[in-house]
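Numbering (the working numbering), first residue to last: 12 to 53.
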């Protein structure tokens with residue numbers, strides 16, 4: 012019983028971590044786009 016619960020907790024943690032990474036991706040792409048625009052304007 013305990014091992015199954017531990018597996019579920021690990022899965023939930025992994026899902027939460029991947030959600031956080033997905034949230035961070037748009038922010039970093041926005042920064043890259045802004046930097047590219049600045050570079051192109053020079």
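Where is the CB? At the ideal position from N, CA and C, for every residue including glycine.
Cβ shell of residue i (< 8 Å), same chain only, five flanking positions each side left out
{"i": "residue 25", "result": "none"}
Cβ neighbours of residue i in the same chain (closer than 6 Å, five flanking residues each side left out)
{"i": "residue 23", "result": "none"}
{"i": "residue 35", "result": "none"}
For residue i, three-class secondary structure by DSSP
{"i": "residue 53", "result": "coil"}
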